[in-house]
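Taking it in order: structure first as structure tokens, then the write-up.
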Amino acid sequence: MPTGPCILLVDDEERFRQNLQKMLRAHGLTVTAVGSGEQALAALAAQPYDVMLLDMRMPGLSGLETLRAIRQDYPDTEVIALTGHASVDTAAEIIRLGGFELLLKPCPLEEIIAKIESAYERKLARQEKQ
Amino acid sequence: MTDNPPPEPDQQCWPGLWQHVAVYGSTWLVLGLAIMLAVQVSLLLGLVAAMAAGLTWLTVQRLLRQKAVADQAKCLVDEQLLQSQKLAALGQLSAGLAHEINNPLAIIRQEAEWLLFLCRQSDPLDMTEAANGLRQILQQVDRSREITTNLLNFARRQQPVVQAVNLNRLVADMVRLVAKEVEQRRITVVSQLAPELPVINSDGPLLRQVILNLLNNAIQAIGQDGTITVATEALAPDQLTVQIRDTGCGIPPEHLARIFDPFFTTKGQGQGTGLGLSICHGIIERLGGTITVTSEVGKGSTFTVKLPITLTPKEI
Chain B
1 MPTGPCILLV DDEERFRQNL QKMLRAHGLT VTAVGSGEQA LAALAAQPYD
51 VMLLDMRMPG LSGLETLRAI RQDYPDTEVI ALTGHASVDT AAEIIRLGGF
101 ELLLKPCPLE EIIAKIESAY ERKLARQEKQ
Chain D
1001 MTDNPPPEPD QQCWPGLWQH VAVYGSTWLV LGLAIMLAVQ VSLLLGLVAA
1051 MAAGLTWLTV QRLLRQKAVA DQAKCLVDEQ LLQSQKLAAL GQLSAGLAHE
1101 INNPLAIIRQ EAEWLLFLCR QSDPLDMTEA ANGLRQILQQ VDRSREITTN
1151 LLNFARRQQP VVQAVNLNRL VADMVRLVAK EVEQRRITVV SQLAPELPVI
1201 NSDGPLLRQV ILNLLNNAIQ AIGQDGTITV ATEALAPDQL TVQIRDTGCG
1251 IPPEHLARIF DPFFTTKGQG QGTGLGLSIC HGIIERLGGT ITVTSEVGKG
1301 STFTVKLPIT LTPKEI
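Chains as they are written, first to last, in the numbering used here: chain B, 1 to 130; chain D, 1001 to 1316.
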């Protein structure tokens, strides 16, 4: 039974999603990967996730729209936004919506893992306070 | 002999002067004063006139200076406005470019990291997996190159070369080009080409690029199972239209205004750079025509290209 964070990876770029899932799993993390905002909301409805890696630019429900929905219904999930490019407005909106961190693609795997761990620690700390 | 006193020396020199003065002195005095007054008034008037002229000149100069400053300020504001518009366009373009290039770069990085990870393992390297990773790197490099090529084509803006173009034949050729693709996707193409359409003076290769882009766009909007209707028509004596209608997913109203913007896309990652329609828009504008779109989500979109029969290319 894994004790680390339960991660939900949301990215419409199939190869990126598969690679990141494979690499995070190789580092002992539990990862579920889905390809859209709609699938992410369905996955969250099925089971809770500690940390979510969320791509911002997706067809259908965009990253920001997904983040808004998550903040409303699943406030305990920490969200790390992933994007190929972030404008100041997007970054400000992510922070305003309570996103934990914004990662710019391409970013090193170590950085992604460090942010996941940091987000998970934050989640645990918040749970302890409650 | 009379003892008259001898005359005073002056009286001796100017015997009639005193008498003259006595008789006409007041007149001369008044006249002199009048002349002096007139001279002084003239001088004063001259001075006033000179001052007025000077003031007028100064005022005119000041007004001219103010106008020059105002013109300069207006030029500066216009220039700043133009500059800010250029910067906004550049910002939008750069944002799209950064996004489109960073995604393949992210995959290239992942593949390289994964290969390094595999190399560090004590197990022998799985050559199939390594080859897959390297192939993926090559694919992503090609994807990035396609983006930059499209961008350069978009920026190059070749001047149109005017030739006689049979629009119906050109459209039919492009439909034939996508025939295999539409067949695989079970898409029906209906051609409604107006008979006896006049030959137009336009740039054939540029028009082919537009029609092919619009057909590809329609195919991607449909995905599988649907209909594309291609119609030509002589709208006015000096204008032809080409319409490409699809029964695809349609474009949400909030996206319609941005559909011709560079890098604007609603397609998934790697499925489009968002340059196709902006290239079409740029070409049609240069060919002196217009391109418009109407759409309904879930029902489809109609792209209408209006072309002048005689090309008057615009310098863009």
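C-beta: ideal position from N, C-alpha, C; glycine also.
Cβ of residue i within 8 Å of any chain B Cβ
{"i": "ILE1147/D", "result": "no"}
{"i": "ILE1107/D", "result": "yes"}
{"i": "ASN1132/D", "result": "no"}
{"i": "LEU1212/D", "result": "no"}
{"i": "ASN1356/D", "result": "No information on residue 1356/D is available, as it lies outside the stretch 1001 to 1316 that chain D covers here."}
{"i": "ALA1095/D", "result": "yes"}
{"i": "GLU1113/D", "result": "yes"}
{"i": "ASN1201/D", "result": "no"}
Collapsed DSSP secondary structure at residue i in the structure displayed
{"i": "GLU1245/D", "result": "First, the amino acid is wrong: residue 1245/D is Arg here, not Glu. Residue state, collapsed to three classes: strand."}
{"i": "GLY1226/D", "result": "strand"}
{"i": "GLN130/B", "result": "coil"}
{"i": "GLN1163/D", "result": "strand"}
{"i": "VAL1060/D", "result": "helix"}
{"i": "LYS105/B", "result": "coil"}
{"i": "GLN1239/D", "result": "strand"}
{"i": "VAL1048/D", "result": "helix"}
{"i": "LEU97/B", "result": "coil"}
{"i": "PHE1303/D", "result": "strand"}
{"i": "GLU121/B", "result": "helix"}
{"i": "LEU1076/D", "result": "helix"}
{"i": "SER1094/D", "result": "helix"}
{"i": "THR1292/D", "result": "strand"}
{"i": "ILE1107/D", "result": "helix"}
{"i": "LEU29/B", "result": "coil"}
{"i": "ALA1034/D", "result": "helix"}
{"i": "ALA45/B", "result": "helix"}
{"i": "MET23/B", "result": "helix"}
{"i": "LEU61/B", "result": "coil"}
{"i": "LEU1043/D", "result": "helix"}
{"i": "ILE1279/D", "result": "helix"}
{"i": "THR77/B", "result": "coil"}
{"i": "THR1265/D", "result": "coil"}
Amino acids of chain D, ordered along the chain, whose beta-carbon sits closer than 7 Å to that of residue i
{"i": "LEU41/B", "result": "Neighbours of LEU41/B on chain D: none; closest Cβ ~18 Å, over 7 Å."}
{"i": "ARG15/B", "result": "ILE1107 and GLN1136"}
{"i": "ALA26/B", "result": "PHE1117"}
Closer than 9 Å at the beta carbon, the chain B residues around residue i
{"i": "GLN1224/D", "result": "Neighbours of GLN1224/D on chain B: none; closest Cβ ~16 Å, over 9 Å."}
{"i": "ASN1216/D", "result": "Here the premise fails: no neighbours, minimum Cβ distance about 17 Å."}
Buried/exposed call for residue i, threshold 16 Cβ in 10 Å
{"i": "LYS1180/D", "result": "exposed"}
{"i": "TYR1024/D", "result": "exposed"}
{"i": "ILE95/B", "result": "exposed"}
{"i": "ARG17/B", "result": "buried"}
{"i": "THR1148/D", "result": "exposed"}
{"i": "ARG1245/D", "result": "buried"}
{"i": "ALA1034/D", "result": "exposed"}
{"i": "ASP73/B", "result": "exposed"}
{"i": "GLU1183/D", "result": "exposed"}
{"i": "LYS1326/D", "result": "Nothing can be reported for residue 1326/D, as the shown portion of chain D is limited to 1001 through 1316."}
{"i": "TRP1028/D", "result": "exposed"}
C-beta neighbour in chain D for residue i, strict 8 Å
{"i": "GLY37/B", "result": "no"}
{"i": "LYS123/B", "result": "no"}
{"i": "MET134/B", "result": "There is simply no residue 134/B to check, as chain B begins at 1 and stops at 130 in what is shown."}
{"i": "ALA114/B", "result": "no"}
{"i": "GLY84/B", "result": "yes"}
{"i": "ALA69/B", "result": "no"}
{"i": "LEU109/B", "result": "yes"}
{"i": "PRO5/B", "result": "no"}
{"i": "PRO48/B", "result": "no"}
{"i": "PRO75/B", "result": "no"}
{"i": "MET1/B", "result": "Confidence is the limiting factor: at MET1/B the pLDDT is only 42, short of 50, which leaves the residue's position unreliable, though a coordinate-based value still follows. Closer than 8 Å: no."}
Contact list for residue i against chain D, beta-carbon separation under 8 Å
{"i": "VAL20/B", "result": "It should be noted that the sequence gives Leu, not Val, for residue 20/B. Going along chain D in sequence order, the residues near LEU20/B (Cβ under 8 Å) are GLN1110."}
Chain-ordered neighbours of residue i on chain D, where CB pairs are closer than 9 Å
{"i": "LYS129/B", "result": "Per Cβ cutoff of 9 Å: no residues; LYS129/B is ~35 Å from chain D at best."}
Contacts that residue i makes with chain B (C-beta to C-beta distance below 8 Å)
{"i": "HIS1099/D", "result": "ARG57, THR83, GLY84 and HIS85"}
Contact list for residue i against chain B, beta-carbon separation under 7 Å
{"i": "ASN1150/D", "result": "What ASN1150/D touches in chain B: nothing, since even the nearest Cβ is about 17 Å away."}
| query | Counting only runs that start and end within the stretch 1117–1192 of chain D, where is the alpha helix (DSSP H) found for 4 or more residues in a row? | reply | Taken in chain order, the complete alpha helix (DSSP H) segments of 4 or more residues contained in the stretch 1117–1192 of chain D are 1127–1156, 1167–1177 and 1179–1184.
| Which whole runs of the alpha helix (DSSP H) in the stretch 1189–1222 of chain D are 4 residues long or more, in chain order? | Taking only runs of at least 4 residues, the alpha helix (DSSP H) segments lying wholly in the stretch 1189–1222 of chain D are 1204–1222.
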